[in-house]
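Read through the structure below, which is laid out as structure tokens, and then see the notes.
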Amino acid sequence: LGAKKTIARISNTELLEKNDVDISLLGIEELISPEKLASDEIKLVISQAVFNDAFEFEDGALMTLGLKVQESAALIGKTVVEAAGILPEMHFFPIAIKRGEDTIIPRGDTIFEVGDRIIFMTTPGGDEELLKLSGQDNHEIKNIMILGGGKIGKRVAKELSESDLNVKLVESNKNKAQELADELSDCLVILGDGTNVELLEDEGIDQMDAFISVTGDSETNIMSCLMAKSKGIGKTIALVENIDYYKLSQISGIDTLINKKLLAANTIEKYVRRGEVVAVSQLSNMNAELLEFVVRKDSNICDKEIKDLIFPRSAIISGVIRDGEGLIVLGDFKLLENDRVVVCCLMDSIKEVEKFF
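Position in the sequence shown (from 1) plus 38 gives the number in our numbering.
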């Protein structure tokens with residue numbers, strides 16, 4: 039029919055791992071699996087312990103990490119510039135702040151306040167420095183309980199248990215539970231109703247470091263995570279179908295909400311954006327997006343220092359990947375051809391940002 043780009047959504051993730059099928063012969067350029075995207079997002083969040091809203095660029099050369107600022111944080115009452123002075127060699131930078139209902143793109147004079155939910159861009163090792171300023175203690179996640187043995191729950195349980203983590207998977211369907219037990223040799227599969235608090239208590243929910251609810255019912259996932267939080271679980275992750283539920287993550291205390299549609303949309307969007315966009319991620323519960331661009335030789339941004347760009351105030355260059363190395367950059371940094379530039383911007387400034395690339 040003349041479509042310039044074709045993308046197919048699949049539910050069978052095994053197709054992504056098979057090399058014997060050339061999808062280009064079918065006229066398909068890309069396969070995406072929302073279930074795999076959700077599983078990968080959950081694993082990434084689990085790997086970051088106290089942090090949320092994790093998103094990787096170039097296999098971790100740059101990464102976003104989100105956290106809620108505690109009263110004990112060294113950041114409180116300080117501007118971005120003052121906070122940078124505490125760790126002059128810091129490998130992270132604040133790129134977005136959720137304060138009440140407002141999304142703020144921080145500037146040098148922005149002051150951090152108690153309760154701010156801040157998204158940081160970091161390079162490898164930056165998470166340790168960030169902990170020093172956040173007022174939070176790092177804690178290793180070792181014991182995990184998963185509610186729901188569907189495609190996502192099965193995939194997450196399999197890969198986490200193979201990473202030497204202790205995983206318990208609760209599934210209410212007897213036949214499915216038996217199949218999971220046969221396939222997941224490193225995971226303890228429990229047959230039972232995951233909404234039964236007594237069952238979860240008997241299975242040691244209070245000893246878990248993380249609780250993941252990925253059943254097919256959003257309300258069940260939310261309520262289960264709230265119950266887990268009441269038991270003192272440090273990290274809770276809920277799968278939700280309705281994007282409107284994202285507002286609950288900040289109000290309710292659930293650490294991370296996963297939405298398959300949003301993850302798939304982020305993946306698809308990079309193929310339909312203008313310019314040289316290679317990655318897109320909408321920040322959860324924020325009116326902001328992360329865009330990754332490749333600098334072309336003839337672009338308006340090539341061979342210029344960041345301070346000389348008339349960039350909209352509602353956008354910020356969050357980091358640069360050059361020759362595979364992630365860099366946190368300041369105003370005197372010159373952008374070169376083939377640099378991969380990550381920009382965080384409010385939704386209403388996206389088109390203006392695209393003009394630079």
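Cβ atoms here follow ideal geometry from the backbone N, Cα and C, with glycine treated the same way.
{"Item": "Relative to the C-alpha of Val107, which candidate in Val333, Phe150, Ser223, Ser85 has its C-alpha closest?", "Value": "Phe150"}
{"Item": "Taking the alpha-carbon positions, what's the Ile243 to Lys269 distance?", "Value": "7 Å"}
{"Item": "What is the rounded straight-line gap between the Cα of Ile184 and the Cα of Glu79?", "Value": "15 Å"}
{"Item": "I'd like the span of the alpha helix (DSSP H) that includes Asp78, first residue to last.", "Value": "72 to 85"}
{"Item": "Where do the N-terminal and C-terminal ends of the alpha helix (DSSP H) with Asn259 fall, by residue?", "Value": "256 to 268"}
{"Item": "For the alpha helix (DSSP H) holding Asn280, just list the boundary residues, first then last.", "Value": "Element bounds for Asn280: n/a, residue is neither H nor E."}
{"Item": "Do Ile275 and Thr294 count as a contact pair if the criterion is CB distance below 8 Å?", "Value": "yes"}
{"Item": "Can you tell me whether Lys389 is buried or exposed? The criterion is at least 16 other CB atoms within 10 Å of its CB, across all chains shown.", "Value": "exposed"}
{"Item": "Could you give the distance in angstroms between the alpha-carbon of Ala266 and the alpha-carbon of Arg47?", "Value": "33 Å"}
{"Item": "Helix, strand or coil, according to DSSP, for Ser356 in the structure here?", "Value": "strand"}
{"Item": "Using 8 Å as the threshold, is the C-beta distance between Leu264 and Ile292 below it?", "Value": "yes"}
{"Item": "Within the same chain, show all residues whose beta-carbon is closer than 8 Å to that of Lys342, passing over the 5 residues directly before and after it, in chain order.", "Value": "Lys372, Leu373"}
{"Item": "So, for Glu236: in the same chain, excluding its five sequence neighbours on each side, which residues have a beta-carbon less than 6 Å away from its beta-carbon?", "Value": "none"}
{"Item": "Comparing alpha-carbon positions, which option in Glu221, Ile260, Gln320 lies nearest Lys196?", "Value": "Glu221"}
{"Item": "Identify every run of the beta strand (DSSP E) within the segment 115 to 143, keeping only runs that are complete inside it and at least 3 residues long; order them along the chain.", "Value": "130 to 137, 140 to 142"}
{"Item": "Span of the alpha helix (DSSP H) holding Val194?", "Value": "189 to 199"}
{"Item": "Assuming contact is defined by CB atoms lying nearer than 8 Å, are Val278 and Asn297 in contact in what I supplied?", "Value": "yes"}
{"Item": "Assign Leu368 to one of two classes, buried (16 or more other C-beta atoms within 10 Å of its C-beta) or exposed (fewer than that).", "Value": "exposed"}
{"Item": "Quick one: any contact between the segment 202 to 210 and the segment 88 to 97, if contact means 3 or more CB pairs under 8 Å?", "Value": "no"}
{"Item": "Please state the DSSP three-state secondary structure of Ile366.", "Value": "coil"}
{"Item": "Using three-state DSSP, classify Thr233 as helix, strand or coil.", "Value": "coil"}
{"Item": "Give the secondary structure of Gln245 by DSSP, where H, G and I count as helix, E and B as strand, and everything else as coil.", "Value": "helix"}
{"Item": "Suppose you measure from the CA of Ile133 to the CA of Val318; what does that come to, to the nearest Å?", "Value": "15 Å"}
{"Item": "Answer with buried or exposed for Leu320, where buried requires no fewer than 16 other C-beta atoms within 10 angstroms of its C-beta.", "Value": "Before going further, note that residue 320 is Gln rather than Leu in the sequence given. The residue is buried, with at least 16 neighbouring Cβ atoms inside 10 Å."}
{"Item": "In whole angstroms, give me the CA-to-CA distance for Met159 and Lys299.", "Value": "24 Å"}
{"Item": "Quick one: what's Thr161 bridged to in DSSP?", "Value": "Note: Thr161 sits in no beta bridge, so no partner."}
{"Item": "Identify whether Asp147 lies in helix, strand or coil by the three-state DSSP scheme.", "Value": "coil"}
{"Item": "Round the Cβ separation of Ile355 and Val333 to the nearest angstrom and send it over; I've been treating them as touching at under 8 Å.", "Value": "Not quite, the Cβ-Cβ distance comes to about 11 Å (not below 8 Å), so this is no contact."}
{"Item": "Enumerate in chain order the residues of its own chain whose CB-to-CB distance from Ala248 is below 8 Å, with the five nearest sequence positions on each side excluded.", "Value": "Ile84, Ile179, Asn181, Ile182, Met183, Ile271, Gly272, Lys273, Thr274, Ile275"}
{"Item": "Apart from the five residues on each side of it in sequence, which residues of its chain come closer than 8 Å, Cβ to Cβ, to Val119?", "Value": "Gly146, Asp147"}
{"Item": "Give me the residue from Phe331, Lys74, Glu217, Leu229 with the minimum Cα distance to Ser210.", "Value": "Leu229"}
{"Item": "To the nearest angstrom, report how far apart Glu73 and Gly232 are at their CA atoms.", "Value": "21 Å"}
{"Item": "What would DSSP say about Val391, mapped onto helix, strand or coil?", "Value": "helix"}
{"Item": "What's the C-alpha gap between Ser223 and Gly254?", "Value": "24 Å"}
{"Item": "Once DSSP output is grouped into helix, strand and coil, what is the label at Ser251?", "Value": "strand"}
{"Item": "How is Ile348 classed by DSSP in three states: helix, strand or coil?", "Value": "coil"}
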